[in-house]
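The UniProt record's numbering puts the first residue of the sequence shown at 1, with every later residue one more than the last.
Backbone N, C-alpha and C define an ideal beta-carbon position, used for all residues, glycine too.
Computed from a predicted model, the values in this text were never measured in an experiment.
Everything on this sheet refers to the single structure shown next.
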Amino acid sequence: MFHWQATIMGPPDSPYTGGLFLITIHFPPDYPFKPPKVAFRTKVFHPNINSNGSICLDILKEQWSPALTISKVLLSICSLLTDPNPDDPLVPEIAHMYKTDRNKYETTARSWTQKYAMG
(Lines of atoms letter the chains of each structure in order from A and count residues from 1; the text may use other names and numbers.)
(Lines give C-alpha, C1' and ligand atoms only; values in the text may rest on other atoms or scores of the structure.)
Protein backbone atom coordinates (compact mmCIF):
# COMPACT_ATOMS: atom_id res chain seq x y z
CA MET A 1 0.00 0.00 0.00
CA PHE A 2 1.33 3.41 -0.96
CA HIS A 3 1.24 6.30 1.47
CA TRP A 4 1.54 9.92 0.30
CA GLN A 5 1.42 13.26 2.01
CA ALA A 6 0.10 16.33 0.27
CA THR A 7 -0.42 19.95 1.20
CA ILE A 8 -3.46 21.96 0.22
CA MET A 9 -3.39 25.72 0.35
CA GLY A 10 -6.54 27.28 1.77
CA PRO A 11 -8.49 28.61 -1.22
CA PRO A 12 -8.85 32.37 -1.64
CA ASP A 13 -12.41 33.61 -1.00
CA SER A 14 -12.78 31.10 1.84
CA PRO A 15 -12.19 31.35 5.59
CA TYR A 16 -9.24 28.96 5.03
CA THR A 17 -7.23 31.37 2.88
CA GLY A 18 -3.58 31.62 3.94
CA GLY A 19 -3.63 28.21 5.61
CA LEU A 20 -1.52 25.19 4.67
CA PHE A 21 -3.37 21.94 5.30
CA LEU A 22 -1.49 18.64 5.51
CA ILE A 23 -3.30 15.66 4.02
CA THR A 24 -2.42 11.96 4.00
CA ILE A 25 -3.35 9.70 1.12
CA HIS A 26 -3.37 5.90 1.51
CA PHE A 27 -3.70 3.86 -1.67
CA PRO A 28 -5.32 0.44 -1.19
CA PRO A 29 -3.81 -2.57 -3.02
CA ASP A 30 -6.71 -2.54 -5.51
CA TYR A 31 -6.29 1.16 -6.39
CA PRO A 32 -7.44 2.62 -8.81
CA PHE A 33 -10.48 0.33 -8.64
CA LYS A 34 -11.03 1.38 -5.02
CA PRO A 35 -10.69 4.99 -3.84
CA PRO A 36 -7.68 6.18 -1.85
CA LYS A 37 -8.25 6.96 1.84
CA VAL A 38 -7.67 10.68 2.20
CA ALA A 39 -7.60 12.48 5.55
CA PHE A 40 -6.65 15.88 6.92
CA ARG A 41 -3.76 15.89 9.40
CA THR A 42 -4.27 19.61 10.09
CA LYS A 43 -7.28 20.45 12.26
CA VAL A 44 -9.96 22.18 10.22
CA PHE A 45 -13.35 23.62 11.20
CA HIS A 46 -15.65 22.35 8.47
CA PRO A 47 -19.02 20.53 8.32
CA ASN A 48 -17.64 17.77 6.05
CA ILE A 49 -14.34 17.13 7.91
CA ASN A 50 -14.37 15.64 11.41
CA SER A 51 -11.87 15.83 14.26
CA ASN A 52 -10.09 12.67 13.00
CA GLY A 53 -9.55 14.38 9.64
CA SER A 54 -12.03 12.14 7.83
CA ILE A 55 -13.57 13.79 4.78
CA CYS A 56 -17.16 13.34 3.63
CA LEU A 57 -16.82 13.64 -0.14
CA ASP A 58 -18.83 11.57 -2.62
CA ILE A 59 -15.90 10.86 -4.97
CA LEU A 60 -13.99 9.25 -2.08
CA LYS A 61 -16.90 6.86 -1.56
CA GLU A 62 -19.77 5.83 -3.84
CA GLN A 63 -18.92 8.25 -6.67
CA TRP A 64 -15.32 7.01 -7.03
CA SER A 65 -14.13 6.23 -10.55
CA PRO A 66 -10.78 4.74 -11.62
CA ALA A 67 -10.56 7.63 -14.11
CA LEU A 68 -10.18 10.13 -11.25
CA THR A 69 -6.62 11.29 -10.66
CA ILE A 70 -5.16 12.37 -7.32
CA SER A 71 -4.94 15.87 -8.71
CA LYS A 72 -8.72 15.83 -9.33
CA VAL A 73 -9.29 14.49 -5.81
CA LEU A 74 -7.22 17.33 -4.30
CA LEU A 75 -9.06 19.84 -6.48
CA SER A 76 -12.39 18.48 -5.21
CA ILE A 77 -11.18 18.84 -1.61
CA CYS A 78 -10.23 22.47 -2.34
CA SER A 79 -13.71 23.03 -3.78
CA LEU A 80 -15.21 21.48 -0.64
CA LEU A 81 -13.30 24.02 1.47
CA THR A 82 -14.77 26.84 -0.63
CA ASP A 83 -18.28 25.33 -0.85
CA PRO A 84 -19.14 23.04 2.07
CA ASN A 85 -22.01 20.58 1.72
CA PRO A 86 -24.04 21.13 4.93
CA ASP A 87 -26.71 18.66 3.75
CA ASP A 88 -24.29 15.70 4.02
CA PRO A 89 -22.30 16.64 7.12
CA LEU A 90 -19.81 14.66 9.17
CA VAL A 91 -20.15 17.28 11.92
CA PRO A 92 -23.85 18.24 12.23
CA GLU A 93 -23.19 21.07 14.72
CA ILE A 94 -20.88 22.84 12.26
CA ALA A 95 -23.35 22.24 9.42
CA HIS A 96 -26.10 23.81 11.54
CA MET A 97 -23.90 26.83 12.28
CA TYR A 98 -23.04 27.13 8.56
CA LYS A 99 -26.75 27.21 7.69
CA THR A 100 -27.98 29.45 10.52
CA ASP A 101 -25.05 31.75 11.40
CA ARG A 102 -22.64 32.01 8.47
CA ASN A 103 -20.65 34.84 10.11
CA LYS A 104 -19.94 32.77 13.22
CA TYR A 105 -18.97 29.79 11.04
CA GLU A 106 -16.55 31.88 8.96
CA THR A 107 -15.05 33.58 12.02
CA THR A 108 -14.49 30.22 13.75
CA ALA A 109 -13.07 28.60 10.60
CA ARG A 110 -10.74 31.58 10.13
CA SER A 111 -9.51 31.42 13.72
CA TRP A 112 -8.87 27.64 13.48
CA THR A 113 -6.98 28.25 10.22
CA GLN A 114 -4.78 30.86 11.93
CA LYS A 115 -4.25 28.62 14.95
CA TYR A 116 -3.60 25.27 13.25
CA ALA A 117 -2.71 25.91 9.59
CA MET A 118 -0.50 28.99 9.70
CA GLY A 119 2.06 28.01 12.33
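If the criterion is Cβ atoms closer than 8 Å, does the pair I49 and L75 meet it?
no
V73, DSSP secondary structure in three states:
helix
Does the contact criterion of 3 or more C-beta pairs under 8 Å hold for the segment 80 to 87 versus the segment 43 to 58?
yes
Could you check how far apart the C-beta atoms of F45 and A109 are, in whole angstroms? I think they sit under 8 Å.
4 Å
Is it the case that the Cβ atoms of K61 and P28 are separated by a distance below 8 Å?
no
Selected residue, minimal CA-CA separation from Q114, among N103, T42, D101 and A95
T42
Consult DSSP for W4 and reduce its assignment to one of helix, strand or coil.
strand
How would you call P66, buried or exposed, if buried means at least 16 neighbouring beta carbons within 10 angstroms?
exposed
N- and C-terminal bounds of the beta strand (DSSP E) containing I23
L20 to F27
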